[in-house]
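Step one of this worksheet: look at the structure below.
Protein chains in written order, with the working numbering: chain A, 3 to 105; chain B, 202 to 419.
Take a look at the structure:
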C-alpha cells in the first residue's frame, strides 16, 4: 500500500472514531434532557376558584385578537386596492381600444 | 362580483362583530385561565391554514394534468391565503403558548410542520413573482408538497410527543365552550370563501388586462 493511501485510511479511521465517540456521548446528553409536560387532552371550564396567573394573560389575549383582526383588515385593504388599480387599468385600456376601433 | 358576495360579506362582518361577545361569555379554562380564549381565533385560522394549501395543491394537480389557466389562478389565490392564515396561526399560537406552556415556541412536530407549510406557501408566491417563464408549473409542483404536508400537520399532535393539545380537544368541548368555537369557524370559513372570490377576481382582471395590452400592441 502506498504512503498516500495509508494516510487516507488513517484519516478515515479517525473520522469514524470521532463519529462513534459523538454517538456514544449523544445518548446520555439526550436522555438527560428535561421531559416536556404532558399535553392537555381536554379543556375543563374553571370552577369557583380562578386559575393562578403567573404571566398576565390579558395583554397576550388582546394582542392575539388585534393581530388577527388587524391582519385580516390589512389584507382586505391590500386586495381591494390591487383590484381597484387593475380594474382602473382595464377601463382605461377599454377606452383606448374603443378609440382605436377594436373591441 | 357575484350577487351573493355583498350579503355574504355583510353576514361575515356581523359574525366577526358578534364573535367577541360570544367568546367573552364563554367560561375560562381551569388550567390555562382566560388566555385559552386565543383558541377561538387561533383554531379557525389554523383550519383555514390547512384548507388553503389543500385547495392550492388540488388546483395545482388539476393544472398540471389539464393545463387550464383557471386551475392555476385558483392555486395562486389559495397560496396567498395559505401565507395569510399561516401568519395568523403562527403568531397567535406563540402568544397563547407563552402563558399556557411558559415558552413562545417548541420545535415539536406540529409547530415545525406548520412552519414548513407556511414556508412552502411563501416559496410558491416567490416562485410566481420572480420565477420567470415556466414558474407556473414549478410552483404547482411546490404546491403538491404543501398539500401533502397538511395531513401530517393535522395528525402530528396525535402521533408524536408534544405539549400541543391533540385533535380530541374539539369534540370534548362543553356546549358553552363549543358554540362560540363553531361560530368562529363558520365566520372564518365564510371569510375564506369571500377572500378567495376577491383574489380570483383580481387574477381574472389581470388576465384580461394582459390580453388588452397584447391587443393594443398588435
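Think of the CB as a built atom: it goes at the ideal place given N, C-alpha and C, for glycine as much as any other residue. What you are looking at is a predicted structure, and each value in this text was computed from that prediction instead of being measured.
- By the Cβ neighbour-count rule, residue 417 of chain B is exposed, with fewer than 16 other Cβ atoms within 10 Å of its own.
- In the three-state reduction of the DSSP assignment, residue 230 of chain B falls in the strand class, which pools E and B.
- 358, 362, 363, 364, 365, 366, 367, 369, 370, 373, 374: these are the residues of the region 344-374 of chain B whose beta carbon lies less than 8 Å from some beta carbon of chain A, given in chain order.
- Apart from the 5 residues on each side of it in sequence, residue 372 of chain B has no Cβ closer than 8 Å to any other Cβ in its chain.
- Put simply, the region 297-305 of chain B does not touch the region 317-327 of chain B. Fewer than three CB pairs are less than 8 Å apart.
- Three or more Cβ pairs closer than 8 Å define a contact, and the region 272-280 of chain B falls short of that threshold against the region 300-315 of chain B.
- Of all residues in the region 67-79 of chain A, only 67, 69, 70, 71, 73, 74, 77, 78 place a beta-carbon less than 8 Å from a beta-carbon of chain B.
- DSSP, read as helix, strand or coil, puts residue 334 of chain B in coil.
- Taking 7 Å as the threshold, the shortest C-beta distance from residue 65 of chain A to chain B falls below it.
- Secondary structure at residue 41 of chain A: coil, using DSSP grouped into helix, strand and coil.
- For residue 361 of chain B, same chain residues with a beta-carbon under 6 Å away, outside a window of 5 residues either side, are 310 in chain order.
- Ranked by how close their Cα comes to the Cα of residue 352 of chain B, the residues B/408, B/317, B/411, B/334 have B/317 in first place.
- Not a single C-beta of chain A is nearer than 7 Å to the C-beta of residue 327 of chain B.
- Scanning B/332, B/390, B/346 for the CA closest to the CA of residue 213 of chain B turns up B/390.
- In the DSSP assignment, residue 297 of chain B falls within the alpha helix (DSSP H) that extends over 270-301.
- Of the candidates B/392, B/407, B/381, B/267, the residue whose Cα lies closest to the Cα of residue 226 of chain B is B/381.
- Residue environment: residue 369 of chain B is assigned as exposed (fewer than 16 neighbouring CB atoms within 10 Å of its CB, all protein chains considered).
- With respect to chain B, the C-beta atom of residue 59 of chain A has a partner C-beta closer than 7 Å.
- Residue 388 of chain B places its beta carbon less than 7 Å from that of residue 217 of chain B.
- Taking C-beta atoms as the reference points, residue 406 of chain B and residue 92 of chain A count as a pair closer than 7 Å.
- Close to residue 84 of chain A, with beta-carbon spacing below 7 Å, are these residues of chain B in chain order: 403.
- According to DSSP, residue 47 of chain A shares a beta bridge with B/230.
- Looking only at B/341, B/393, B/377, the smallest Cα-Cα distance to residue 269 of chain B is reached by B/341.
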